[in-house]
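In what follows, a structure is listed as structure tokens, so that the remarks can point back to it.
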Amino acid sequence: MKGKLAKKNERTAYIFCIPWYIGFLAFTIVPIVYMLYFSLTDRKLNGLSEFIGFKNYQNIFSSSVFWNSLRVTLFYTLVSVVVTAIWALFLALLLNKKQKLQGAFQFFYFIPSVIPSVALAYSFRTIFGKDSGLLNGILSNFAGKSVSVNWLYNPQTVYFAVFAVTLFTYSTGQMMMIFRNGLNVVPKELYESAELDGANAVSKFFHVTLPMISPIFLFNIITSVIGALNGSFALLFPLASENGDPNGMTQVLSLLIYKESFSNMRVGYASALSFILFVVAALIGIIIFALSKKFVYYEN
Amino acid sequence: MKKIWKKILSFSLAAGLLFSAAACGNNDEKGSDGDTAKKTEEKEQGDNSSASGGEVNLTVWNEPPQDDDLNMYLAAEKATGIKVNVTVIPETEYSSKLNQMVATGDSSQDIFIVWENDIKNFADTGGIRELDSYLENSSVDKEHFIDAVAELTEGLGGTYGLPWCAAVEIMYYNQDLFDEAGIEYPDNNWPYEEFLSAAEKLTKKADDGSTEIYGSDLPNLQTWWAGIGIHGDQVYDPASGELVIGEGAEKYVSDVRNMVEQGYMPEPSSDTADLFATGKAAMAWLGSWNIGVYGGDLDFDWEICTIPTADRKYNTLHTGFYTINDKSKNQDDAWKVIEYLMSEEGQNINSAASGNPSAIIPIAEQGVWKVESAKTIENWEAVTDALESGVFGYTSLPSGITGNAVSEFESAALGMKTPEEAVEAALDYAKSQ
Amino acid sequence: MKQRKHRSGEILIFLLKILVAVFMFTPIVWILSGSFKTLGEFTSSTHIIPREFTLVNYRYIFERSNVWIYLRNTVLLMTLTTLGTLISSSFVAYPLARMDFKGKNIIFGIIIATLMVPEIALIIPKYIMFAEISWLDSLLPMIVPAFFTHPYNTFLFRQFFRTIPGELDEAAALDGCSKGQTFFLILAPLAKPIYATIGVLSMVSWWNELTQPVFYINSDRWRTLTMATMTTYMYTSGNAFIQNWPSIMAISTLMILPPMLLYMFGSSFFTEGIKTSGIKG
Numbered sequence: 001m002k003g004k005l006a007k008k009n010e011r012t013a014y015i016f017c018i019p020w021y022i023g024f025l026a027f028t029i030v031p032i033v034y035m036l037y038f039s040l041t042d043r044k045l046n047g048l049s050e051f052i053g054f055k056n057y058q059n060i061f062s063s064s065v066f067w068n069s070l071r072v073t074l075f076y077t078l079v080s081v082v083v084t085a086i087w088a089l090f091l092a093l094l095l096n097k098k099q100k101l102q103g104a105f106q107f108f109y110f111i112p113s114v115i116p117s118v119a120l121a122y123s124f125r126t127i128f129g130k131d132s133g134l135l136n137g138i139l140s141n142f143a144g145k146s147v148s149v150n151w152l153y154n155p156q157t158v159y160f161a162v163f164a165v166t167l168f169t170y171s172t173g174q175m176m177m178i179f180r181n182g183l184n185v186v187p188k189e190l191y192e193s194a195e196l197d198g199a200n201a202v203s204k205f206f207h208v209t210l211p212m213i214s215p216i217f218l219f220n221i222i223t224s225v226i227g228a229l230n231g232s233f234a235l236l237f238p239l240a241s242e243n244g245d246p247n248g249m250t251q252v253l254s255l256l257i258y259k260e261s262f263s264n265m266r267v268g269y270a271s272a273l274s275f276i277l278f279v280v281a282a283l284i285g286i287i288i289f290a291l292s293k294k295f296v297y298y299e300n
Numbered sequence: 001m002k003k004i005w006k007k008i009l010s011f012s013l014a015a016g017l018l019f020s021a022a023a024c025g026n027n028d029e030k031g032s033d034g035d036t037a038k039k040t041e042e043k044e045q046g047d048n049s050s051a052s053g054g055e056v057n058l059t060v061w062n063e064p065p066q067d068d069d070l071n072m073y074l075a076a077e078k079a080t081g082i083k084v085n086v087t088v089i090p091e092t093e094y095s096s097k098l099n100q101m102v103a104t105g106d107s108s109q110d111i112f113i114v115w116e117n118d119i120k121n122f123a124d125t126g127g128i129r130e131l132d133s134y135l136e137n138s139s140v141d142k143e144h145f146i147d148a149v150a151e152l153t154e155g156l157g158g159t160y161g162l163p164w165c166a167a168v169e170i171m172y173y174n175q176d177l178f179d180e181a182g183i184e185y186p187d188n189n190w191p192y193e194e195f196l197s198a199a200e201k202l203t204k205k206a207d208d209g210s211t212e213i214y215g216s217d218l219p220n221l222q223t224w225w226a227g228i229g230i231h232g233d234q235v236y237d238p239a240s241g242e243l244v245i246g247e248g249a250e251k252y253v254s255d256v257r258n259m260v261e262q263g264y265m266p267e268p269s270s271d272t273a274d275l276f277a278t279g280k281a282a283m284a285w286l287g288s289w290n291i292g293v294y295g296g297d298l299d300f301d302w303e304i305c306t307i308p309t310a311d312r313k314y315n316t317l318h319t320g321f322y323t324i325n326d327k328s329k330n331q332d333d334a335w336k337v338i339e340y341l342m343s344e345e346g347q348n349i350n351s352a353a354s355g356n357p358s359a360i361i362p363i364a365e366q367g368v369w370k371v372e373s374a375k376t377i378e379n380w381e382a383v384t385d386a387l388e389s390g391v392f393g394y395t396s397l398p399s400g401i402t403g404n405a406v407s408e409f410e411s412a413a414l415g416m417k418t419p420e421e422a423v424e425a426a427l428d429y430a431k432s433q
Numbered sequence: 001m002k003q004r005k006h007r008s009g010e011i012l013i014f015l016l017k018i019l020v021a022v023f024m025f026t027p028i029v030w031i032l033s034g035s036f037k038t039l040g041e042f043t044s045s046t047h048i049i050p051r052e053f054t055l056v057n058y059r060y061i062f063e064r065s066n067v068w069i070y071l072r073n074t075v076l077l078m079t080l081t082t083l084g085t086l087i088s089s090s091f092v093a094y095p096l097a098r099m100d101f102k103g104k105n106i107i108f109g110i111i112i113a114t115l116m117v118p119e120i121a122l123i124i125p126k127y128i129m130f131a132e133i134s135w136l137d138s139l140l141p142m143i144v145p146a147f148f149t150h151p152y153n154t155f156l157f158r159q160f161f162r163t164i165p166g167e168l169d170e171a172a173a174l175d176g177c178s179k180g181q182t183f184f185l186i187l188a189p190l191a192k193p194i195y196a197t198i199g200v201l202s203m204v205s206w207w208n209e210l211t212q213p214v215f216y217i218n219s220d221r222w223r224t225l226t227m228a229t230m231t232t233y234m235y236t237s238g239n240a241f242i243q244n245w246p247s248i249m250a251i252s253t254l255m256i257l258p259p260m261l262l263y264m265f266g267s268s269f270f271t272e273g274i275k276t277s278g279i280k281g
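For the record, the sequence lines run as chains A, B and C. Per the working numbering: the first sequence = residues 1 to 300. Per the working numbering: the second sequence = residues 1 to 433. Per the working numbering: the third sequence = residues 1 to 281.
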């Protein structure tokens with residue numbers, strides 16, 4: 001009798017999962033198979049295609065544009081994750097200091113993250129503009145002479161500018177909220193006992209807060225890595241064009257995929273690039289999980 | 001208790017319904033979409049038989065003029081009784097999106113205005129239909145097209161497109177600034193060396209060394225190629241279909257780099273602005289259609305001349321071809337609209353609006369392209385002169401290759417690599433395709 | 001003495017907070033101010049308050065462009081994808097959170113793994129796939145997959161469902177509810193807040209979505225607002241490569257307003273959902 005009920009329940013469970021089976025098959029497995037297959041062809045945008053074996057991969061691995069793009073992708077992902085995570089934690093710590101106007105501050109800190117990335121990118125193209133940019137205007141006022149730094153086109157400043165923009169993305173706002181919540185759950189007694197041991201604010205942060213929020217940190221890092229890999233296109237395409245100006249310094253793989261498939265119409269080649277991006281994302285995922293076992297503190 | 005159950009029941013019903021809708025969402029969506037598509041098809045075909053009152057969708061890359069008198073599509077509507085819906089896809093994505101539409105057999109658009117680099121591909125893959133059968137009984141005479149157009153469409157095995165105009169690249173200059181600097185106005189044979197020295201003299205710097213007025217604006221995506229061409233590089237080899245640049249490109253890129261370094265030209269930057277229009281650049285190399293854009297709107301006297309001459313005269317011709325989508329359901333209506341747009345009246349409205357001459361020689365000779373609102377222009381010969389020296393160059397290459405090359409040139413202009421490295425990288429990338 | 005030091009520390013922190021708030025809000029102020037400038041002023045000055053206040057950019061948007069079509073497309077995309085993900089993701093999350101069945105851990109493991117696959121890596125093969133069934137240049141490539149679960153939302157639902165006491169299910173079972181009924185009758189109504197939260201987050205993210213429309217949509221009639229920002233509102237008329245910055249700022253202003261208002265009147269939707277996701281998985 002019980003066995004029958006359990007079986008029935010099991011069947012219900014499978015029924016509830018139907019949307020997932022279909023979705024996983026149709027929108028994950030099939031595209032992966034397609035990706036693998038078309039990466040072995042010279043398919044063009046107009047649909048003509050011919051099997052060419054591993055030629056795309058050969059071309060990719062001998063292309064300096066690709067290696068540059070891979071380097072930029074890893075660099076962009078790593079730095080933007082670190083920079084935004086630290087900034088989000090900083091914002092959360094500020095907000096968690098209970099003072100007047102809590103709600104207003106949270107509004108100002110969070111609201112940039114709901115700006116569409118395309119609007120954000122264009123506003124920063126002009127904020128960081130050379131001749132009529134806001135930042136140069138402000139700096140000129142302070143300096144008392146005209147400052148005209150070409151923020152987004154100068155190799156010395158372009159990364160500073162790009163990572164400054166990532167502070168305003170959705171990923172940052174989301175992390176800030178998660179940190180806020182995480183900070184609230186840290187037991188007060190821990191701080192009190194640390195104070196008894198004579199800890200100052202800095203050592204309290206490093207010895208109590210940070211270990212206690214490390215699982216949340218991990219969660220944030222994971223979502224932010226995905227955010228960086230995924231969101232890089234929506235931010236950098238309007239910011240730096242498909243060529244990753246200047247000089248390919250911001251040409252992450254997603255931009256290269258777009259450029260190869262739509263400007264050069266080489267869909268097969270772009271499929272091979274996609275597969276490489278897929279592998280890169282998987283490797284990053286594995287590394288994070290491996291590292292997390294070592295550094296993250298779990299309560300039980 | 002009963003109430004709660006009622007509530008719960010209704011919720012579950014609703015949820016269940018939603019789910020069934022969800023599961024079939026796929027079919028439903030497609031079904032309804034297909035239905036509407038069919039309906040419009042029927043409607044269109046119905047319209048077709050009645051000869052007029054039809055509707056035609058046309059794809060182009062620039063916005064129709066806001067002045068209704070200069071809007072050739074409105075004029076075409078009036079003349080043919082066929083409604084013309086214009087879809088604008090910006091220049092930067094135009095070729096790519098059009099290729100996608102053709103590749104996926106899009107039937108929503110009837111007329112594509114196709115670029116030089118795409119027409120062969122579209123004709124070969126059957127994306128656009130040949131127009132010879134229409135041309136037989138038509139007033140459009142392709143014998144009168146300018147030679148360059150005839151050359152370009154040779155080897156297609158038929159007529160697949162009709163040139164909508166023939167635009168050229170010219171130099172615009174601010175006469176007020178030339179007067180101030182005491183420099184003689186350039187003519188249509190202005191030596192490139194004089195351009196360089198004028199750029200230096202026209203530049204005005206503030207006390208702290210920053211530039212207030214640039215001698216010349218930076219070349220844009222298009223005129224980089226004119227600068228390379230005048231130094232003797234072939235740019236595009238029709239025989240091999242490849243990018244051909246070398247010493248000429250190196251020379252021009254290094255000149256630009258030098259001018260940028262000296263502050264005679266602005267750096268490539270993220271907040272691109274039209275420095276010529278705001279009076280902050282004394283010279284600019286731009287397409288002839290800017291005559292129509294500027295019209296009488298500029299606060300200073302301005303004039304045009306041909307692109308300066310170095311080793312030779314060179315500029316890139318620009319056109320687009322009216323073509324009919326092979327998948328279109330309204331091909332006859334589409335032809336009627338094209339026929340009007342190619343007529344004397346249609347061509348003249350386009351010329352008056354844009355400043356681009358017609359590609360049909362007898363119509364171009366009427367000179368309607370001498371935009372009326374541009375009152376300060378006297379040297380209209382610049383355009384006809386440029387037409388003679390113009391060739392279909394970089395526009396015959398895929399935009400990925402040329403866009404990449406310009407990005408390389410700009411890197412060199414910023415001093416991030418040498419001109420030689422930039423040219424080599426541009427060639428390497430083109431070859432890897 | 002200590003008190004005073006404490007006090008001045010508080011004030012310093014408060015000042016820092018204000019400084020950061022100004023910094024974070026600057027882009028929005030810049031966008032808003034730019035939307036009321038003329039192109040000439042925008043490209044030649046950096047004043048926050050426009051010298052020559054103009055509505056020409058907004059007039060262009062409402063009088064000269066297909067803004068209502070773009071809005072319709074965005075709203076259609078946003079509501080249908082959200083509806084789809086709410087239904088399908090909560091369905092799948094239910095057995096994962098509250099039932100035991102063979103393969104459960106495998107399914108959950110795969111969902112977590114797919115979480116790590118960036119959308120952009122599969123977009124080209126999906127593009128080819130949708131091209132083959134003629135779905136390109138429509139909203140279908142974005143709407144239909146939403147009806148077949150979204151890994152992150154499934155994960156959020158699962159986390160929430162796990163917080164609801166298991167006794168409820170047992171009581172329902174005693175009342176004669178099947179597992180399926182339990183979901184519709186007990187769980188789903190209890191989970192209203194998480195539906196609202198995920199709904200809001202999903203709507204905001206689809207309102208802002210740029211990548212997928214850029215890949216899948218070609219023509220004007222299915223353009224979304226984000227895409228129109230990069231196309232329709234990008235250049236001045238004519239193909240002159242003249243970027244129409246104030247027009248971009250005006251459409252951006254209009255696009256920022258709805259999520260901003262949503263936050264002002266329902267900030268809890270944003271914070272609650274984020275709390276749920278913060279639960280250790």
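From the three backbone atoms N, C-alpha and C, an ideal C-beta is built for every residue, glycine too. Computed from a predicted structure; not experimentally measured.
Ranges of the alpha helix (DSSP H) found wholly within the stretch 12 to 75 of chain A, counting only runs of at least 4: DSSP runs (the alpha helix (DSSP H)) wholly in the stretch 12 to 75 of chain A: 18 to 24, 30 to 38, 55 to 61.
Cβ-Cβ distance between Thr231 (chain C) and Arg221 (chain C) below 8 Å: With contacts defined as CB atoms closer than 8 Å, Thr231 (chain C) and Arg221 (chain C) fail to qualify as a contacting pair.
Contact list for Glu93 (chain B) against chain C, beta-carbon separation under 8 Å: Chain C residues near Glu93 (chain B): Thr231.
Cutoff 8 Å: Phe289 (chain A) Cβ touching any chain B Cβ: No, because no Cβ of chain B sits closer than 8 Å to the Cβ of Phe289 (chain A).
Euclidean distance between Cα positions of Ala199 (chain A) and Val186 (chain A): The straight-line gap from Cα to Cα measures roughly 16 Å.
Cβ neighbour criterion (16 or more within 10 Å) applied to Ser193 (chain A): The residue in question, Ser193 (chain A), is exposed, as its Cβ has fewer than 16 Cβ neighbours within 10 Å.
Thr73 (chain A) classed as buried or exposed, judged by whether at least 16 other C-beta atoms fall within 10 angstroms: By the neighbour-count rule (16 or more Cβ atoms within 10 Å), Thr73 (chain A) is buried.
Neighbour flag for Asn200 (chain A) against chain C, beta carbons, 8 Å: No, its Cβ sits nowhere closer than 8 Å to a Cβ of chain C.
Whole-angstrom distance between Leu210 (chain A) and Arg59 (chain C), CA atom to CA atom: Cα to Cα, Arg59 (chain C) sits roughly 52 Å from Leu210 (chain A).
Interface residues of chain C facing Phe278 (chain A) [CB-CB closer than 7 Å]: Neighbours of Phe278 (chain A) in chain C, taken as residues at a C-beta separation under 7 Å, are given in chain order as Val117, Ala121.
Given Phe160 (chain C) as reference, the closest of C:Ala188, C:Ser268, C:His47 once Cα atoms are compared: Nearest to Phe160 (chain C) by C-alpha distance, out of C:Ala188, C:Ser268, C:His47, is C:Ala188.
Check: Val60 (chain B) C-beta below 7 Å from any heavy atom of the ligand COA: The ligand COA is not part of this structure, which contains no ligands at all.
Gln175 (chain B) - DSSP class collapsed to helix/strand/coil: Helix.
Cross-chain neighbours of Asp169 (chain C) in chain B, by beta carbon under 8 Å: Correct list: empty, because the minimum Cβ distance to chain B is about 15 Å.
Residue range of the alpha helix (DSSP H) that includes Thr38 (chain C): Element bounds for Thr38 (chain C): n/a, residue is neither H nor E.
Bounding residues of the beta strand (DSSP E) (the contiguous stretch that carries Glu143 (chain B)): Where Glu143 (chain B) is concerned, there is no enclosing beta strand (DSSP E), given that its DSSP letter is neither H nor E.
Assigned exposure category for Pro165 (chain C) - 16 Cβ within 10 Å defines buried: With fewer than 16 Cβ atoms within 10 Å of its Cβ, Pro165 (chain C) is classed as exposed.
Check whether Leu122 (chain C) and Phe130 (chain C) have beta carbons under 8 Å apart: No, Cβ-Cβ distance for Leu122 (chain C) and Phe130 (chain C) is not below 8 Å.
For Ile282 (chain B), three-class secondary structure by DSSP: The sequence given here places Ala at residue 282 (chain B); Ile does not occur at that position. Under the three-state reduction of DSSP, Ala282 (chain B) is assigned to strand.
Which of helix, strand or coil DSSP assigns to Val391 (chain B): In this structure, Val391 (chain B) counts as strand in the three-state DSSP scheme.
Alpha carbon of Lys188 (chain A) to alpha carbon of Lys204 (chain A), nearest angstrom: When rounded, the distance between both Cα atoms is 12 Å.
Residues near Leu45 (chain A) by beta carbon distance below 6 Å, same chain, minus five either side: So the qualifying residues of the chain are Met265, Val267.
Within-8 Å CB hit, Leu120 (chain A) to chain C: Chain C contact via Cβ: present.
Own chain residues within Cβ distance below 8 Å of Glu119 (chain C), not counting five before or after: Within the same chain, Glu119 (chain C) has close Cβ partners Thr211, Gln212.
CB contact below 8 Å: Ala273 (chain B) versus chain C: At least one chain C Cβ lies under 8 Å of Ala273 (chain B).
Beta-bridge partners of His318 (chain B), as assigned by DSSP: Answer by DSSP bridge pairing, in chain order: B:Ala167.
Minimum Cβ-Cβ distance from Gln243 (chain C) to chain B less than 8 Å: So, interface residue.
Leu236 (chain A) vs Val252 (chain A) beta-carbon contact at 8 Å: Yes, the pair counts as a contact, with Cβ atoms nearer than the cut-off.
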